[in-house]
Amino acid sequence: MEHKEYVRICDNSNIVILFIHGIVGTPNHFNEFVSLIPNSISIYNLLLDGHGKVVKDFSKTSMKKWEAQVASVVEELSLTHEKIYIVAHSLGTLLAIDQAIKNKKVCKLFLLAVPLRLSIKPKMPINSLKVYFDKIRSDDYEALAARKCYGIEKDKNPFHYIGWIPRFLELFAKIRQTRQTVNLLNTTCLVYQSGRDEMVSSRSAKYFKNKPNVLVNELKKSGHYYYDKEDFDFLITEFKKILNMDS
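My numbering numbers the first residue of the sequence shown as 23 and each following residue consecutively.
Next comes the structure, spelled out in structure tokens:
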């Protein structure tokens with residue numbers, strides 16, 4: 023499966039929707055959302071540095087590069103659009119919150135699985151191993167969803183993954199930093215946390231408590247990558263609502 027950026031800048035559009043995927047993720051995570059966006063709205067489905075390539079490429083990237091990349095894209099889009107909406111998943115939500123605090127043109131956030139607290143369940147490493155060894159049953163929907171959202175070419179040498187350790191340590195540091203800055207968020211923000219998330223703790227939602235600009239929803243039957251059909255239908259309905267606003 024190819025992992026590429028998708029950019030469509032529409033003449034005379036005052037709105038652009040920026041998509042930011044998660045760590046070791048892919049822009050393909052948002053394909054269903056992208057397909058719903060009318061031609062009158064610009065799209066920037068970002069591929070973070072070091073993703074869409076091989077294991078060693080991911081080892082060579084960094085959180086600083088991701089932060090700078092997203093900031094550069096937001097700045098570029100703000101020159102040609104009046105309003106920027108950001109749709110993001112996991113790590114991408116942390117980068118989105120940063121930009122919403124720093125750039126006033128970011129006026130809506132649609133955030134999936136915001137990882138302000140982590141709680142690693144056994145099925146997370148189990149699903150990762152299933153993806154690595156490509157041993158997934160046709161009815162194992164959670165592992166299939168994890169494979170679909172994995173944006174790095176697999177490497178048969180497990181020692182090459184040692185270089186990933188700094189990237190995840192940087193992620194943990196970014197989580198701690200965002201817990202301190204999220205109180206500065208004044209942008210309209212829709213948050214969707216999964217009730218069966220194998221990585222993100224339900225305690226993450228408490229950091230949005232008492233913020234009138236933030237609405238938190240629970241996708242009770244969904245995981246970090248897998249969405250139950252009823253939950254996903256709800257997500258799509260919610261996404262369509264933001265497309266109908268100010269467009």
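By construction, the Cβ of each residue, glycine as well, lies at the ideal position given by its N, Cα and C atoms.
Query, Result
"Burial state of residue 203 (16 or more Cβ within 10 Å)", "exposed"
"Integer-rounded CB distance, given that residue 214 should sit under 8 Å from residue 133", "7 Å"
"Rounded straight-line distance, which links the Cα of residue 205 to that of residue 89", "19 Å"
"Beta bridge counterpart(s) of residue 171 as assigned by DSSP", "Per DSSP, none; premise fails for residue 171."
"Test item: CB-CB of residue 67 and residue 49 under 8 Å", "yes"
"Buried/exposed call for residue 199, threshold 16 Cβ in 10 Å", "exposed"
"Residue 92 - DSSP class collapsed to helix/strand/coil", "helix"
"Where residue 73 sits in the DSSP three-state scheme", "coil"
"Distance CB(residue 223)-CB(residue 139) smaller than 8 Å", "yes"
"Touching by the beta-carbon criterion (3+ pairs, under 8 Å), the region 183-197 and the region 84-100", "yes"
"Exposure label - residue 156; buried when at least 16 CB within 10 Å", "exposed"
"Touching by the beta-carbon criterion (3+ pairs, under 8 Å), the region 139-154 and the region 67-78", "no"
"For residue 39, the three-state DSSP class (helix, strand or coil)", "strand"
"Contact under 8 Å by Cβ, residue 111 with residue 38", "no"
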